[in-house]
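Contents: one structure, followed by commentary.
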Amino acid sequence: MICSIGGFVFEAHDVTGLGMSSNAHFGEYKPYGDDPHYHNTQGSTKTIAMSGRYVAASNSRALALESMLKSKNPTRFTMATGESERVIITDYRINRKDFVSHSGAVSMDISVTMKRVSGGGLGILSILGGLLALV
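Residue numbers (our numbering): 21 to 155.
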């Protein structure tokens, strides 16, 4: 499965490596008698965990990816189906980094954990990003 994080295209190792978990945050509202009422205070937080392979044409492109992963700035996560989420990368790990002989290319196995932020969903730009990920 092909996916993109902030313009960097990855090949996910397998579909099971792309897992999503959703948590709803509830806060206590004003109790009436002995029956407290609850309401949703912050909506839901979606956590996305992905492991995949990234192949860069040069070491400078691999360093650009690493600095984007460290930055904690909101970025787009787009899957090949066209689904897109606005995410913040909370954790990443480079499992393996190899130089491809005689070409200068760098191959990296990366595990990334992301948290969805507001403003996700499908838009025309995310659909175009999904189409570009297929090419």
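Glycine is no exception: its CB is placed at the ideal position from the N, C-alpha and C atoms.
Quantities reported herein were computed from a predicted structural model and do not represent experimental measurements.
Looking at C-alpha atoms only, which residue of the options is the closest neighbour of residue i?
i: GLY124; options: THR98, ASN115, THR95 and ALA82; result: ALA82
i: GLU86; options: LYS66, GLY27 and ILE22; result: GLY27
i: SER80; options: PHE119, GLU105 and SER131; result: PHE119
i: ILE130; options: THR98, ALA84, GLY102 and ARG116; result: ARG116
Please state whether DSSP places residue i in a helix, a strand or coil.
i: MET21; result: coil
i: SER80; result: helix
i: GLU103; result: coil
i: LYS90; result: helix
Apart from the five residues on each side of it in sequence, which residues of its chain come closer than 6 Å, Cβ to Cβ, to residue i?
i: PRO51; result: Its pLDDT being 49, under 50, PRO51 is placed unreliably by the model, and the measurement read from it follows with that caveat. Nothing meets the Cβ criterion.
Buried or exposed for residue i, going by 16 or more other Cβ atoms inside 10 Å?
i: SER5; result: Nothing about residue 5 can be reported from this structure: the residues present for the chain run from 21 to 155 only.
i: ALA76; result: buried
i: SER78; result: exposed
Okay, do the segment 101-111 and the segment 81-93 touch, 3+ Cβ pairs below 8 Å being the bar?
-> By the Cβ test, the segment 101-111 is in contact with the segment 81-93, since at least three Cβ pairs between them sit closer than 8 Å.
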